[in-house]
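Chemist: Quick one: the structure is below, and I'll ask about it shortly.
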Amino acid sequence: MTAADQAEGLAGPVVGTPYGAVRGRYEQGIAVFRGIPYAAPPFGPRRFRPPVPPEPWDGVRDAGAFGPTAPKPPYSEAFAQYLSDPVVPGDDCLNLNVWTPEPGPGARLPVMVWLHGGALTRGSSAVPVYDGHGFARDGVVFVSVNYRLGVEGYGLFPDAPANPGLRDQLAALQWVHESIAAFGGDLDRITLFGQSAGAISIGALLAAPQAQGLFRRAVLQSGPPEANDRDKVRRMVRRMATRLKIPATAAAFADVDRELLLRTQAEVGKLSSPVLGGPTFGIVVDGDVVPRDPLEALVEGEAAKGVDLMMGWTSDEYRLWLVPGGLLERVDRLGPVALAGAMARCHCGQEVVRGYRALHPGVGTAEIVGQMVTDHLLRLPLHRLAEARPDSSYVYEFAWPSLRPDLGACHALELGFVFDTGEAPESAKLAGDGAPRELTEAMHSAWLRFAVDGDPGWQRWDATHPVRIFGKGEPHTVSGPRDREFAVWTAEASVQETPPVSEPAEGWPARTAELRSVVRRLRRAGPVRRT
Numbered sequence: 045m046t047a048a049d050q051a052e053g054l055a056g057p058v059v060g061t062p063y064g065a066v067r068g069r070y071e072q073g074i075a076v077f078r079g080i081p082y083a084a085p086p087f088g089p090r091r092f093r094p095p096v097p098p099e100p101w102d103g104v105r106d107a108g109a110f111g112p113t114a115p116k117p118p119y120s121e122a123f124a125q126y127l128s129d130p131v132v133p134g135d136d137c138l139n140l141n142v143w144t145p146e147p148g149p150g151a152r153l154p155v156m157v158w159l160h161g162g163a164l165t166r167g168s169s170a171v172p173v174y175d176g177h178g179f180a181r182d183g184v185v186f187v188s189v190n191y192r193l194g195v196e197g198y199g200l201f202p203d204a205p206a207n208p209g210l211r212d213q214l215a216a217l218q219w220v221h222e223s224i225a226a227f228g229g230d231l232d233r234i235t236l237f238g239q240s241a242g243a244i245s246i247g248a249l250l251a252a253p254q255a256q257g258l259f260r261r262a263v264l265q266s267g268p269p270e271a272n273d274r275d276k277v278r279r280m281v282r283r284m285a286t287r288l289k290i291p292a293t294a295a296a297f298a299d300v301d302r303e304l305l306l307r308t309q310a311e312v313g314k315l316s317s318p319v320l321g322g323p324t325f326g327i328v329v330d331g332d333v334v335p336r337d338p339l340e341a342l343v344e345g346e347a348a349k350g351v352d353l354m355m356g357w358t359s360d361e362y363r364l365w366l367v368p369g370g371l372l373e374r375v376d377r378l379g380p381v382a383l384a385g386a387m388a389r390c391h392c393g394q395e396v397v398r399g400y401r402a403l404h405p406g407v408g409t410a411e412i413v414g415q416m417v418t419d420h421l422l423r424l425p426l427h428r429l430a431e432a433r434p435d436s437s438y439v440y441e442f443a444w445p446s447l448r449p450d451l452g453a454c455h456a457l458e459l460g461f462v463f464d465t466g467e468a469p470e471s472a473k474l475a476g477d478g479a480p481r482e483l484t485e486a487m488h489s490a491w492l493r494f495a496v497d498g499d500p501g502w503q504r505w506d507a508t509h510p511v512r513i514f515g516k517g518e519p520h521t522v523s524g525p526r527d528r529e530f531a532v533w534t535a536e537a538s539v540q541e542t543p544p545v546s547e548p549a550e551g552w553p554a555r556t557a558e559l560r561s562v563v564r565r566l567r568r569a570g571p572v573r574r575t
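Using my numbering, read the sequence shown as starting at 45 and increasing by one per residue.
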């Protein structure tokens, strides 16, 4: 920070909120406010309960540093080499940050609200890749949000409302709607955007009755609208309760030390993975904020009508799931056993595998398994959403391969380009050194254009299925680049029962033992279902 920036920071901009005034910092000409509480600390009697407003404060509250992050276990060593996840201790974790070029009413600038990913168990707004300076520099009021994670935010209990983490996000959106004009924002141009678990959350908020009218546009990056099976979430809670030797109730969990709860959550979470499935924490239908499955509500109902949508994926999402720990090569060696596991994971039959083999001759088993799982979990639901809302939908694919070995165009790789934070060491952990500046400019400006007027710069979805490809060379639009794969699933969907998977005649016992070994390694690596 220069001497001029330090002088500006000491002078700090002051903005009023419904709960009291906050003083930020000027950083390179941008007013930055960090750690503003939008709800009270969710601990003590408020643990596992819906968020409530923060206590008002007198005077001017300092907003110069990131607020506490939600309790979360660290990434395993295998994934920590690719993903950063800073921890800020403290109870007041329901906070948000604002970057704005004009901190005052009357500016009426577009607003972008960011929901981070992390499998709903990790992540925070303090990740350096999510720095909002680039957006504010280009005329946007940028907001990033912390929300409860893991069992604190998505545990399912008989004595507490479901989805407290999603309710946190809704409370943050309501704060934005009430407060952001004072920071220079335009209430009629609020764009909600997120990646992976953040995008899944946005899918639920799009369909939530309480969120209607709180934002005008939404970007879903590598995460579809979905609701988890309630029994899977209950199993996570019950397994934790068994280890802790307590009842599976919110009252009992609220009495457990926070660090012990995190260690137990991490141990139980090893039983789940993107390839194997298993019990998990996630958004569930609750009859209130999530009255029905979000995808079905958006495809079949009137929810979020009039909201512009941009959505997309990366070409090799699965490589972030399989490359850490050397699992890519082992899945290749498993052959038929790995394919049988993929069929079980995707609830499909052998026709899907045959279809992918025909479309991608010569590729390894890991490629087939990875693309099958990616299409089933992510691309097909987003494709279905675009088909249901063609007049308001834009679709993209991020295809630039990482400079780090074997990652390809993996899950979360696009974030440094979208935020224009590619120079940060935390972005280089995924992208490598020397990522192309022109690709950053293309993606960052597309997201900006969408926030400003709802048009990112390419053709809206229609019968030709236009997809904007961000890869090597100039961005370009391709008609239906994934249509052949989607057609395989459409044909298979007519089969009502999954046909039995026949055992390979040769080497089945040895391959089964190797599959168990892969399962153990996946469990040790920890869950990275949604980054």
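No residue lacks a Cβ here, since even glycine has one placed at the ideal position from N, Cα and C.
#1: Quick check on E270: buried or exposed, where buried means 16 or more other Cβ atoms within 10 Å of its Cβ?
#2: Reducing DSSP to helix, strand and coil, say where W8 ends up.
#3: Quick one, which of V532, A170, K473, V155 has its alpha-carbon nearest F29's?
#4: Give the straight-line distance between the Cα atoms of L383 and L424, rounded to the nearest whole angstrom.
#5: Any contact of the stretch 325-338 with the stretch 117-131, i.e. 3+ C-beta pairs under 8 Å?
#6: Please report the distance separating the alpha-carbon of T324 from that of G267.
#7: Between V96 and G406, what straight-line distance do the alpha-carbon atoms span, to the nearest angstrom?
#8: Going by beta carbon distance, what residues of the same chain come within less than 7 Å of W552, once the five residues before and after it are set aside?
#9: Around the C-beta of S546, are 16 or more other C-beta atoms found within 10 angstroms, so that it is buried, or is it exposed?
#10: Please list, in chain order, all residues of the same chain as G524 whose beta carbon is under 6 Å from its beta carbon, the five residues on each side excluded.
#11: Please go through the same chain and pick out, in chain order, the residues whose beta-carbon is closer than 6 Å to the beta-carbon of G408, but skip the five residues on each side of it.
#12: Take every Cβ of the stretch 239-253, pair it with every Cβ of the stretch 394-403, and state whether three or more of those distances are shorter than 8 Å.
#13: If you draw a straight line from the alpha carbon of S316 to that of L153, how long is it in whole angstroms?
#14: Are the CB atoms of T144 and V185 nearer to each other than 8 Å?
#15: CA-CA distance, T542 and H520?
#16: Once DSSP output is grouped into helix, strand and coil, what is the label at P154?
#17: Please look up how many angstroms separate the CB atoms of W505 and Y438, rounded, as I've assumed it's under 8 Å.
#18: Determine the contact status of A75 and G68, defining contact as a CB-CB distance below 8 Å.
#19: Can you tell me which residues form a DSSP beta bridge with H520?
#20: Decide if R307 is buried, meaning its Cβ has at least 16 other Cβ atoms within 10 Å, or exposed.
#21: Output the residue ranges of the beta strand (DSSP E) runs that lie fully inside the stretch 436-479 and measure 3 residues or longer, sorted by chain position.
#22: What are the boundary residues of the alpha helix (DSSP H) that F110 is part of?
#23: For A347, which residues in the same chain have their Cβ closer than 6 Å to its Cβ, ignoring the five residues on either side in sequence?
#24: Looking at C-beta atoms only, is the number of pairs between the stretch 101-120 and the stretch 171-188 that lie closer than 8 Å three or more?
#25: Can you check whether the CB of M487 is closer than 8 Å to the CB of L426?
#26: Which residue's Cα is closest to the Cα of E529: G56, G414, Q213?
#27: Determine the direct distance from the alpha carbon of R278 to that of R574, and round the result to whole angstroms.
#28: Excluding the 5 residues preceding and the 5 following T46 in the sequence, name in chain order all residues of the same chain whose CB lies nearer than 6 Å to its CB.
#29: Does the beta-carbon distance from P98 to P81 come in below 8 Å?
#30: Taking all protein chains shown into account, do 16 or more other C-beta atoms lie within 10 angstroms of the C-beta of G326, making it buried, or fewer, making it exposed?
#31: Do E536 and G385 have their beta-carbon atoms positioned less than 8 Å apart in this structure?
#32: What are the start and end residues of each continuous beta strand (DSSP E) run of 3 or more residues lying completely inside the stretch 319-348, in chain order?
#33: If you draw a straight line from the alpha carbon of G79 to that of D352, how long is it in whole angstroms?
#34: Between L474 and A456, which are expected to be in contact by the criterion C-beta below 8 Å, what is the C-beta distance as a whole number of angstroms?
#35: Just to check my reading of the structure: G313 and T165 have Cβ atoms closer than 8 Å, yes? What is that Cβ distance to the nearest angstrom?
#36: If you draw a straight line from the C-alpha of E196 to the C-alpha of V522, how long is it?
Modeler: Reading it off the structure:
#1: buried
#2: There is simply no residue 8 to check, as the chain begins at 45 and stops at 575 in what is shown.
#3: Outside the displayed span of the chain (45 to 575) sits residue 29, for which this structure offers no information.
#4: 19 Å
#5: no
#6: 16 Å
#7: 56 Å
#8: Residue confidence is low: W552 scores 40 on pLDDT, short of 50, so the model does not pin down where it sits. Its coordinate-derived value is still stated next. Within the same chain, W552 has no close Cβ partners at all.
#9: Interpretation of S546 is limited by its pLDDT of 38, a score under 50 that renders its predicted location unreliable; the figure taken from the coordinates is listed afterwards. Exposed is the call here.
#10: H509
#11: D376
#12: no
#13: 42 Å
#14: yes
#15: Reliability fails at T542, whose pLDDT of 44 lies under 50, so the model's placement of it is uncertain and the value that follows must be treated cautiously. Approximately 38 Å, taken between the alpha carbons.
#16: strand
#17: 7 Å
#18: yes
#19: I513
#20: exposed
#21: 437-442
#22: F110 -> no alpha helix (DSSP H), and no H or E assigned at all.
#23: A251, A341
#24: no
#25: no
#26: G414
#27: Summary for R574: the model assigns pLDDT 44, below 50, so the residue's position carries little reliability, and this model does not support an answer.
#28: The pLDDT assigned to T46 is 49, lower than 50, so where the model puts this residue is not dependable, and the model offers no usable value.
#29: yes
#30: buried
#31: no
#32: none
#33: 29 Å
#34: 6 Å
#35: 7 Å
#36: 43 Å
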